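Asker: Chains as they are written, first to last, in my numbering: chain A, 579 to 914; chain B, 579 to 914.
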């Protein structure tokens, strides 16, 4: 029987577990918020499930649990954040206020974050921007897990990107958040555990040959979605993260990694644009018309709709946490 | 025997053909330049091959051959261009100067173009930005040809995007330029003509069922590359074009179309970022190290490398033009 808890309890558990591990109040707040938002939207793989990893990276000495990110105003449209080997959620939250301010005053702004430990979901990072009426992009890399199209060795991270578009009339923004890898790493791990094959195109074995055996892919390399086109997207994400921030590319992040089961020291960037200053006040209605057409087209769905449906449910009903994880989290929180 | 001509002759032929059709000097210059750059890089499908379509859209009255684009400085980081029903190359060239200026002074800038007829390649639009040291994105839609993932009816255009990263030491920028569609429309047309099947995933027949018969797909709808992830990219391109500019979405462009074989009235946007102001002066060397690793990884290649190899060749040797097309172009240019 999974445990049923409220979102408040989820936040409290996460905060206490992080505090117990020595994470500063500001960092634990930002991280607990991120974890709780993932749980609220039923993104289980980025919720409490990540907590033991965060704690591990404090214990290994990889991440600095008390880091105060350094937010620098680099130009009228540019924000630079040095995460100072801390966790990404605080670096993002601290920089985002200035980013949004610049996007409103200049019409567009860009933020690059380096030297921050991250393996969280991306959509919570840009949803606050879209809630202020901004169109937003974010890109983050990870340590190398993926070969470029045509390659056989890990070079790119799984390299997700997310894109958010504000909607009128009090609706939550449309956000997609997707890895450049054909298959999520967690999915490969679960398939390997359960002995299932994965779809062709997910990766190569250690021999450099295509395989559908997830255990072989985990020993070899993952591949980008959609062949060379997805590989271009993954390359773009590397350039927009390690490149633009001057931080780690995927291979540099891999070289830095302490193999502690926690996040890696990676880079991230954001672009925020005020659409109404370009498209005029008709922007939300125009976009809504496109979304309506999409939703009446066969079985097509808007990205993120399952997340938002979960959010509507968990706000009232709370969430469930798988038994073993719940025990682990309670232990980390000193509740046993 | 295809005709062998110099790039200068290609440019002269294109300019004369457009001038004969009543295209103004400024527009014909920008369009001939675009066509010649495509030919120089062996992008045959976007070179002289497009000339009869441009002329057709003048004859049908769809496009205004003498349009003077209206470039407006909307905010410190924003440029808006109304193409005034003219051709896109001049609208882009006119707006790009201000865009680059803003990117340099603000660190990042964004430009949206609406009401411009476009079916050209994208990489020539951002290469001049990257040659000035800017990282650049561009997005353009087309009239509806593609269903969203899960859908059965055309909603999105083929919706290409391009991304450019400057390189140091006098190297041409790395640029990828790729449609959101699984298969290029021209490829489907050629496969249909030759009676070849296309790869699974390219599209649906008019019955809404997946097919590998290109003739059926041309009567039905194309599909995005990489399933729902490519579909998200296509949606992002619609939002960044018709959405951000207040111009046409793909379905609006389709409703406007005069079925003259020429380009459609579409929208485009650009983002330009000064990477050195964020990453510091080490940016080019850092990026070059990533590229070197990529190039030593199996058979992996840098996007655009075939284009640049062609460019090195055609600068000295000129280009070849298929016989029938050459005759058509000469006739349009009044050379017969």
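Here a beta-carbon is modelled for each residue, glycine too, at the ideal position from N, C-alpha and C. Note that this is a predicted model, so its numbers are computed, not measured.
Which residue's Cα is closest to the Cα of residue 766 of chain B: B/795, B/635, B/696?
Answerer: Position 188 of the second chain, counted from the first residue, corresponds to residue 766 of chain B. Of B/795, B/635, B/696, the residue nearest in Cα terms is B/795.
Asker: In chain A, what lies closer than 7 Å to residue 797 of chain B by C-beta?
Answerer: Position 219 of the second chain, counted from the first residue, corresponds to residue 797 of chain B. None at all; the shortest Cβ gap to chain A is about 17 Å.
Asker: Which residue marks the beginning of the alpha helix (DSSP H) containing residue 832 of chain B, and which one marks its end?
Answerer: The residue given as residue 832 of chain B occupies position 254 in the second chain. 828–834 is the span of the alpha helix (DSSP H), which, as asked, contains residue 832 of chain B.
Asker: DSSP state of residue 647 of chain B, grouped into three classes?
Answerer: Reading the second chain from its first residue, position 69 is the one you call residue 647 of chain B. Three-state DSSP puts residue 647 of chain B in coil, outside helix and strand.
Asker: How many whole angstroms separate the CB atoms of residue 716 of chain A and residue 740 of chain A, which I take to be in contact at a CB cut-off of 8 Å?
Answerer: For the purposes of this step, residue 716 of chain A is taken as residue 138 along the first chain, with counting starting at 1. For the purposes of this step, residue 740 of chain A is taken as residue 162 along the first chain, with counting starting at 1. The Cβ separation is near 5 Å, so the contact holds.
Asker: Of the residues A/896, A/885, A/909, which one's Cα is nearest the Cα of residue 623 of chain A?
Answerer: As a first step, residue 623 of chain A is located in the first chain; it is residue number 45 there, counting from the start. Considering only alpha carbons, the answer is A/885.
Asker: Determine, using beta carbons only, whether residue 700 of chain A and residue 647 of chain A come nearer to each other than 7 Å.
Answerer: As a position in the first chain, residue 700 of chain A is number 122, starting the count at 1. As a position in the first chain, residue 647 of chain A is number 69, starting the count at 1. Cβ atoms of residue 700 of chain A and residue 647 of chain A: not closer than 7 Å.
Asker: Mind pulling the chain A residues with CB within less than 8 Å of residue 816 of chain B?
Answerer: For the purposes of this step, residue 816 of chain B is taken as the residue at position 238 of the second chain. Residues of chain A passing the Cβ test: 868.
Asker: Helix, strand or coil for residue 598 of chain A? Go by DSSP, reduced to three states.
Answerer: Start at 1 with the first residue of the first chain, and residue 598 of chain A comes out as number 20. Residue state, collapsed to three classes: helix.
Asker: When the cut-off is 7 Å and only beta carbons count, does residue 875 of chain B lie next to chain A?
Answerer: Translated into positions along the second chain, residue 875 of chain B becomes position 297. With 7 Å as the cut-off, residue 875 of chain B counts as an interface residue toward chain A.
Asker: What does a CB cutoff of less than 7 Å around residue 628 of chain A pick up in its chain, not counting 5 residues either side in sequence?
Answerer: Taking the first chain and counting its residues from 1, the one referred to as residue 628 of chain A is at position 50. The residues are 613, 697, 698.
Asker: By how many angstroms is the C-alpha of residue 783 of chain B removed from the C-alpha of residue 768 of chain A?
Answerer: Taking the first residue of the first chain as position 1, residue 768 of chain A is located at position 190. Taking the first residue of the second chain as position 1, residue 783 of chain B is located at position 205. Rounded to the nearest angstrom, the two C-alpha atoms are 36 Å apart.
Asker: In whole angstroms, what separates the C-alpha of residue 670 of chain B from that of residue 858 of chain B?
Answerer: Numbered from 1 along the second chain, position 92 holds the residue referred to as residue 670 of chain B. Numbered from 1 along the second chain, position 280 holds the residue referred to as residue 858 of chain B. Using only the alpha carbons, I get a separation of about 29 Å.
Asker: Using a Cβ cut-off of 7 Å (strictly closer), state whether residue 858 of chain A contacts chain B.
Answerer: Here the question's residue 858 of chain A lines up with position 280 in the first chain. At least one chain B Cβ lies under 7 Å of residue 858 of chain A.
Asker: May I ask you to verify whether the segment 726–733 of chain B touches the segment 769–780 of chain B, counting CB pairs closer than 8 Å and requiring at least 3?
Answerer: Judged by Cβ distances under 8 Å, the segment 726–733 of chain B makes no contact with the segment 769–780 of chain B, as fewer than three pairs qualify.
Asker: Under DSSP, the beta strand (DSSP E) around residue 663 of chain A begins and ends at which residues?
Answerer: Indexing the first chain from 1 puts residue 663 of chain A at position 85. Taken as a continuous stretch (DSSP letters only), the beta strand (DSSP E) holding residue 663 of chain A covers 656–665.
Asker: Chain B beta carbons: is any one of them nearer than 7 Å to that of residue 845 of chain A?
Answerer: Here the question's residue 845 of chain A lines up with position 267 in the first chain. False, the Cβ-Cβ gap to chain B never drops below 7 Å.
Asker: At the level of alpha carbons, what is the spacing between residue 906 of chain B and residue 630 of chain B?
Answerer: The residue labelled residue 906 of chain B in the question sits at position 328 within the second chain. The residue labelled residue 630 of chain B in the question sits at position 52 within the second chain. If I take the Cα positions, the gap works out to 8 Å.
Asker: For residue 579 of chain A, name the three-state secondary structure that DSSP assigns.
Answerer: Sequence index remark: in the first chain, residue 579 of chain A carries index 1 (1-based). DSSP places residue 579 of chain A in coil when its eight states are reduced to three.
Asker: Please compile the residues from chain E whose C-beta is within a distance smaller than 9 Å of the C-beta of residue 730 of chain A.
Answerer: No chain E is part of this structure, whose protein chains are labelled A and B.
Asker: By Cβ distance, which residues of its chain are closer than 6 Å to residue 659 of chain A, with the 5 residues on each side in sequence left out?
Answerer: Sequence index remark: in the first chain, residue 659 of chain A carries index 81 (1-based). Hits under 6 Å: 647, 649, 669, 673, 691.
Asker: Output the distance between the C-alpha atoms of residue 917 of chain B and residue 839 of chain B, rounded to the nearest integer angstrom.
Answerer: What is shown of chain B runs 579 to 914, which leaves residue 917 of chain B out entirely.
Asker: Are residue 847 of chain A and residue 802 of chain A closer than 7 Å when you measure CB to CB?
Answerer: For the purposes of this step, residue 847 of chain A is taken as the residue at position 269 of the first chain. For the purposes of this step, residue 802 of chain A is taken as the residue at position 224 of the first chain. The answer is no: Cβ separation not under 7 Å.
Asker: Ignore the nearest five residues each way along the sequence and tell me which others in residue 898 of chain A's own chain have a CB closer than 7 Å to its CB.
Answerer: In the first chain, the residue the question calls residue 898 of chain A occupies position 320. Taken in chain order, the residues that qualify are 580, 581, 582.
Asker: For a contact defined as C-beta to C-beta under 8 Å, what are the partners of residue 871 of chain A on chain B?
Answerer: As a working note, residue 871 of chain A is residue 293 in the first chain. 733, 829, listed in chain order.
Asker: For residue 724 of chain A, list the residues DSSP reports as bridge partners.
Answerer: To locate residue 724 of chain A, count along the first chain from 1; it is residue 146. DSSP, once it has assigned bridges, lists A/734, A/800 as partnering residue 724 of chain A.
Asker: Report all residues from its chain with a CB closer than 6 Å to the CB of residue 617 of chain B; omit the five preceding and five following residues, and keep chain order.
Answerer: Position 39 of the second chain, counted from the start, is the residue given in the question as residue 617 of chain B. Result list for residue 617 of chain B: 588, 625, 897, in chain order.
Asker: If the criterion is Cβ atoms closer than 7 Å, does the pair residue 602 of chain B and residue 661 of chain B meet it?
Answerer: Numbered from 1 along the second chain, position 24 holds the residue referred to as residue 602 of chain B. Numbered from 1 along the second chain, position 83 holds the residue referred to as residue 661 of chain B. Going by C-beta atoms, residue 602 of chain B is not nearer than 7 Å to residue 661 of chain B.
Asker: Quick one: residues in its chain with C-beta nearer than 6 Å to the C-beta of residue 621 of chain A, no 5 flanking neighbours on either side, listed in chain order?
Answerer: One-based indexing of the first chain puts residue 621 of chain A at position 43. Here the set comprises 699.
Asker: Below 8 Å, how does it come out for the segment 819–826 of chain B and the segment 849–865 of chain A: are there three or more Cβ pairs, yes or no?
Answerer: Yes: at least three Cβ pairs fall under 8 Å.
Asker: Should residue 874 of chain A go down as buried or exposed, given a rule of 16 or more other Cβ atoms within 10 Å for buried?
Answerer: Sequence index remark: in the first chain, residue 874 of chain A carries index 296 (1-based). It is exposed - the Cβ of residue 874 of chain A has fewer than 16 other Cβ atoms within 10 Å.
Asker: Does residue 801 of chain A have its Cβ less than 7 Å from a Cβ in chain B?
Answerer: On the first chain, position 223 is the one that residue 801 of chain A refers to. Answer no: the Cβ-Cβ gap between residue 801 of chain A and chain B never drops below 7 Å.
Asker: Buried or exposed: where does residue 913 of chain A fall if 16 or more other Cβ atoms within 10 Å of its Cβ makes it buried?
Answerer: Numbered from 1 along the first chain, position 335 holds the residue referred to as residue 913 of chain A. The residue in question, residue 913 of chain A, is exposed, as its Cβ has fewer than 16 Cβ neighbours within 10 Å.
Asker: If residue 684 of chain A and residue 653 of chain B are in contact, beta carbons under 8 Å, what's the gap, nearest whole angstrom?
Answerer: Against the first chain, residue 684 of chain A aligns to sequence position 106. Against the second chain, residue 653 of chain B aligns to sequence position 75. The Cβ separation is near 6 Å, so the contact holds.
Asker: Give me the Cα-Cα distance between residue 681 of chain B and residue 853 of chain B, rounded to the nearest whole angstrom.
Answerer: Here residue 681 of chain B refers to the residue found at position 103 of the second chain. Here residue 853 of chain B refers to the residue found at position 275 of the second chain. Rounded to whole angstroms, residue 681 of chain B to residue 853 of chain B spans 10 Å at the Cα level.
Asker: I need the straight-line Cα distance from residue 763 of chain B to residue 748 of chain B, nearest angstrom please.
Answerer: The count along the second chain starts at 1 and reaches residue 763 of chain B at position 185. The count along the second chain starts at 1 and reaches residue 748 of chain B at position 170. Their Cα atoms are separated by approximately 35 Å.
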